[in-house]
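Numbering follows the working numbering, in which position 126 of the sequence shown is assigned residue number 833; successive positions increment by one, without gaps.
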Amino acid sequence: MEENKLITRDQLKTYFETGKYPTQNQFSDLIDSLRLKEDALTDKDVVILANRLAVINKGSVQYTINDDIDLKVSLLVNQQEGEDQVIKMDYTYGAEKTQYFWGDAPYTLTIKELSQGKLAETEYYNLRYSLGPNFESNRLFGNNLPEVPEGFELGKMEGKRSSIRINKQRFWKKIDIINTHIEFVNKTEVPIEYRPEASYWNHQYTAKDLDTHHYDVDDSFYFYYKADLRAIEQSIQCRLYDADNGNLLMTGYLNAGQNNPSAWGGGQTHGVRNIRIECDYYVAES
């Protein structure tokens, strides 16, 4: 009589190939050893899985979607190898979820779909996303503000980690978009970029002129500058003017002999529609 001992997968294949079949008890043991979709993970299973995920050398997105169970988001991930990957995101109940990409870097992230839920008259969605360690984009949408369209490209990831946060914001009024024109003049031979930041709106570093699309919830700007001066012996100052009346509003400094990844612009603007920034080598007053 044949023993009812659990046999290996290769042995099972041999049984079927030769016309010999496993016993009923062997089949029962095999089924019991399988993990089925409805089976709950034990604490031990969760720890083992977490330890395995910790060593995954793939890109990922961490996301939270709070305050609206009806908000649905689909993210399209374009990667170096294989087909595009679609990641569906939904309400996270205050927790943070992580989804890994199956391909290799570089990764480009695009909003494939974003369907909104219900908003009160002065409620808006706040979208924040980061494609690297040094910058988080920020914008509002919903109600009278433009939607985030299908195919909206978030951008190319700098490394292997990204994040997306969406939540509701309630204001005391309807929010409108306002514009400020920024002219940037670099009088040095050093590549310099600037970045404006306002409430619920910002822009990545750029060396070009810019028309903002920020919000009247707070018509103010902070500025930051970026330049690598490790091979430069002279510091640089960036003066920011109200272009309508020529008033100097603030001055930022980029220090010689070092990398300046995010230098403070020196102050804050309020209600200025036309800005001119001039960067030049710093000369100490005698």
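Cβ atoms here follow ideal geometry from the backbone N, Cα and C, with glycine treated the same way. Everything numeric in this text was worked out from a predicted model, so none of it was measured.
If you draw a straight line from the Cα of Asp987 to the Cα of Ile899, it comes to about 10 Å. DSSP places Asp774 in the coil class of the three-state scheme, outside both helix and strand.
Going by C-alpha positions, Gln911 is about 21 Å away from Ser767. When only Cα atoms are considered, Leu947 and Asp923 end up about 21 Å apart. Nearest Cα to Ala938 within the set Leu816, Asp949, Glu896 and Leu838: Glu896. One Cα belongs to Leu782, the other to Met864, and the distance between them is close to 14 Å. Under the DSSP assignment, Lys795 falls in the beta strand (DSSP E) whose first and last residues are Gln792 to Met796. When only Cα atoms are considered, Gly810 and Asn785 end up about 9 Å apart.
Ranked by Cα distance from Phe878, the first of Ser870, Ala827, Glu857 and Asn909 is Ala827. Taking 3 residues as the minimum length, the beta strand (DSSP E) runs contained wholly in the stretch 868-954 are 868-877, 888-893, 900-905, 927-935 and 943-949, in order along the chain. Ranking Gly974, Thr919 and Ala963 by CA distance to the CA of Asn981 puts Thr919 first.
With fewer than 16 other Cβ atoms inside 10 Å of its own Cβ, His977 counts as exposed. Beta-bridge partners of Asp752 (DSSP): none assigned.
C-alpha of Leu838 to C-alpha of Ala812: approximately 12 Å in a straight line. For Arg835, the closest of Asp883, Thr958 and Lys875 by C-alpha to C-alpha distance is Lys875.
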